[in-house]
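Working notes for the structure below.
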Amino acid sequence: MTDLPTIHRLLERAGTPVLLADGGGMVEWANGAARAALPAFPAGTRLEGFRPGQPLAVAEGMLVPEAVEGGWALFLEREAKDLPFLPDHILDLVPLPVFWKDRRGVYRGCNRAFATFLGRSAHEIVGKSVFDLSPPEFAAKYQAMDEALMGGGPDAVQRYEWDVHADGGLVRRVLFHKGNLVDGGGRVVGLAGMVLDITDLHRMERKFMTVFNACPDVIAITDKATGRYLDVNDAFQAALGYGRDEVLGRTSLELGIWAGPEERSRMLAALAERGRLVNYETRFRRRDGGVFTALISAETTILDGADCLIMVGRDISERKREETLLRRTLDELHRSNVELERFAYVAAHDLQEPCRTICSFAQLLERRCGDALGEHGREYLDYLASGARRMRELIQGLLSYSRVDSNTLRFEAVALNHLMKAVLSDLAGAIGQTDAVVCIGELPLVRGDAVQLQQVLVNLLGNALKFQPPGQQPRVEVDACRLGDNWQITVRDNGIGIDPQYGDQIFGMFRRLHGSGAYPGTGIGLALVRRIVEAHGGRIWVDPPSGQGAMFRFTLPA
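Heads up: the sequence shown begins at -4 in my numbering, then just goes up one per residue.
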């Protein structure tokens, strides 16, 4: 079976258990030490799991093969020689998967976390190579990585990401960190490695990169100390016209991205003062020379142990143009309104004189020539005088409306309870004539123009007294409640009420729901009330009452 020199060699090593096996793993002979140490493998038995040239783990240790004529000599190694390492029970406390291999690339040990990671027991791993544990298409790559590491010398290390099949065939993204094991003479005798499962982190990174590049806003990450770009997104490239490869490793000043050096200096000064920037307005220059305005937010952070600056920007050039156009339009509208109000005031003021003239001469004509006019003449004269008086009331209403302006109001503390005394005095005639009941609750102190607020209350209470069914005794209630920074004033009555569909229309100029014959008035009162309330920063509306009548509510700043 074997030649004499080989037998001599075996005899020289008789102290070591040795088995002779053929190429298929059938034991053909065992020396005395092997028969004592390996009673389970007498001649004629087959070594389960045997692979030519690969070490085989058995209960007694490791059978290390060596080729001989006609087969293999298998030497029993009871413990891993030249592979110094921590005891297994200590490594099992380490949560990260840890493994170590000998020079041949055979696993000589692992901790519990590594066995769990591969979904196998330690017994199934130790003594096996990557060819036993991994698909063929990956095993050769893993083996080549190990050989490259061990061929790199005692201080060589490897750190790389890899997709591995683990735990029932699932593909996991892992980070390998491996280094060489050396003996006392400095010779590489194996390697050890740790595995960090970064599947979830890798998935998050891919999501981040997807969002990073899909974001329509410009995003740039720079080294804070040098200002050099570490990364930019697709929107950066589209907005500024520079490719990513042209930007990385360079600074904004080198590229000329700022509209001017002073823009960058002001930004850095603001960042240093505030610690972070939110919606800071600045200007950038595109590759083609065009300058645009942007809003940027910037914050410092630590990435890979280095201080970095993350900047997010948005081109607001179009918005700035729209703001300029809107500002110009508003200015023109303001000038137009001022001119219109001035015209209304002047026209209304000048129209009072002919109205007074018409009324005066109508009264003179009635006194001096009334008897000669006859019945029809006096009737026509009454129409003339009534129309002139109505025109004068309208003109006075327009004058009052045109005088209301938030810029001309005199804001001061106004006690509404005290103001109501003046209101009731103004309405004393109407209250006495209708025998009305007016109930005033506890009213607050507000900020406003006393004269204008008195006009609001006079109009609201006057309408409550006026718009009543024939013969009914009017009842009006006024009270208030606090709503945040405002007071809400309520005026409710028992009158004819307001159809909800007209709730907003009644505040328009000259909007009347009844003819002047049924209820007198100019149709300006509620429009004037709303203008005054809004000039005070409040609002007014009509709520459906719980019963008969109408309920007006308005707010005033506390």
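Quick reminder that beta carbons are idealized off the backbone N, C-alpha and C, glycines included. Predicted model only: the values in this text are computed from it and were never measured.
In whole angstroms, what separates the C-alpha of residue i from that of residue j?
i, j, result
"G147", "R278", "52 Å"
"I297", "V59", "50 Å"
"G300", "L263", "22 Å"
"I491", "V453", "19 Å"
"T11", "M145", "28 Å"
"A29", "E43", "17 Å"
"C354", "S420", "28 Å"
"D87", "T111", "11 Å"
"A31", "E61", "21 Å"
"Y137", "V125", "7 Å"
"G181", "E72", "22 Å"
"L14", "R99", "20 Å"
"L376", "I535", "41 Å"
"L207", "R309", "According to the sequence provided, residue 207 is Phe. The question's Leu does not apply to it. Computed Cα separation, rounded: 14 Å."
"V537", "C303", "58 Å"
"D178", "D17", "33 Å"
"L478", "I493", "25 Å"
"T319", "G533", "29 Å"
"A513", "D444", "Its pLDDT being 49, under 50, A513 is placed unreliably in this model, and the value from its coordinates should be taken loosely. One C-alpha to the other measures close to 33 Å."
"V166", "A151", "28 Å"
"F70", "D127", "21 Å"
"R330", "K315", "22 Å"
"G510", "R470", "For G510, the pLDDT reaches just 48, beneath the cut-off of 50, and the residue's location in the model is therefore unreliable, although a value from the coordinates is still provided. Each residue's Cα considered, the two are about 23 Å apart."
Count the other C-beta atoms from every protein chain shown that fall within 10 angstroms of the C-beta of residue i, then say buried if there are 16 or more, exposed otherwise.
i, result
"T217", "buried"
"K123", "buried"
"K96", "buried"
"F462", "buried"
"T550", "buried"
"P47", "exposed"
"M546", "buried"
"L176", "buried"
"M204", "exposed"
"C105", "buried"
"F109", "buried"
"P37", "exposed"
"F356", "exposed"
"M199", "exposed"
"V486", "buried"
"H531", "buried"
"D488", "buried"
"L243", "exposed"
"G369", "exposed"
"G544", "buried"
"V283", "Checking the displayed sequence, the identity of residue 283 turns out to be Asp instead of Val. So D283 counts as exposed."
"A569", "The requested residue 569 does not occur in the structure, where the chain is confined to residues -4 to 553."
Please name the residue, chosen from the options, that lies closest to residue i on a Cα-to-Cα basis.
i, options, result
"S260", "G222, G369, E327 and D212", "G222"
"M306", "D226, D178 and R351", "D226"
"Q232", "K219, I214, A220 and L248", "I214"
"G285", "I291, A254 and D302", "A254"
"Q447", "L438, I426 and L414", "L414"
"L456", "V89, L33, L404 and V418", "V418"
"R168", "W157, Y224 and G479", "W157"
"V451", "L411, N481, D488 and P439", "L411"
"V409", "R281, P552, F126 and G114", "P552"
"F406", "D283, L440 and K202", "L440"
"A117", "A139, A52 and M199", "A52"
"T429", "N458, D17 and G443", "N458"
"A35", "E55, H197, P50 and D17", "E55"
"L33", "Y237, Y102 and M57", "M57"
"L196", "L170, V22 and L379", "L170"
Quick one: residues in its chain with C-beta nearer than 6 Å to the C-beta of residue i, no 5 flanking neighbours on either side, listed in chain order?
i, result
"R154", "H172"
"L521", "I501 and F502"
"K76", "With a pLDDT of 49 at K76, under the threshold of 50, the predicted position of this residue should be treated as unreliable, and no value is reported."
"R281", "L235 and G236"
"W67", "A16 and P60"
Could you name the residues of the same chain whose beta carbon sits closer than 7 Å to that of residue i, not counting the 5 residues immediately before and after it, in chain order?
i, result
"I311", "T288, A289 and L290"
"R239", "V227 and Q232"
"D141", "K96, G100 and L186"
"P149", "N175, V177, G181 and V183"
Would you say residue i lies against chain D (beta-carbon separation less than 8 Å)?
i, result
"A408", "Among the protein chains of the structure shown there is no chain D, as only one such chain exists."
Can you list, in chain order, the residues of its chain whose CB lies under 8 Å from that of residue i, leaving out five sequence neighbours each side?
i, result
"A293", "M262, L266, R271, L272, Y275, L304, I305, M306 and V307"
"R245", "R223 and Y224"
"W24", "M(-4), L14, L15 and A38"
"T324", "none"
Is residue i near the ligand NAP, judged by its Cβ being under 7 Å from some heavy atom?
i, result
"L438", "In terms of ligand content, the structure shown is empty, and the ligand NAP therefore cannot be addressed."
Check whether the stretch 465 to 482 touches the stretch 428 to 435, taking contact to mean three or more Cβ pairs, one atom from each stretch, closer than 8 Å.
Yes: the two stretches touch, three or more of their Cβ pairs being nearer than 8 Å.
Taking contact to mean 3 or more Cβ pairs, one atom from each stretch, closer than 8 Å, check whether the stretch 132 to 146 and the stretch 107 to 121 are in contact.
No, they do not touch.
Three or more beta-carbon pairs under 8 Å between the stretch 93 to 110 and the stretch 180 to 188, yes or no?
Flag = yes, the stretch 93 to 110 and the stretch 180 to 188 touch.
Counting beta carbon pairs with one atom in the stretch 523 to 532 and one in the stretch 411 to 428, are three or more of them shorter than 8 Å?
Segments in contact, no.
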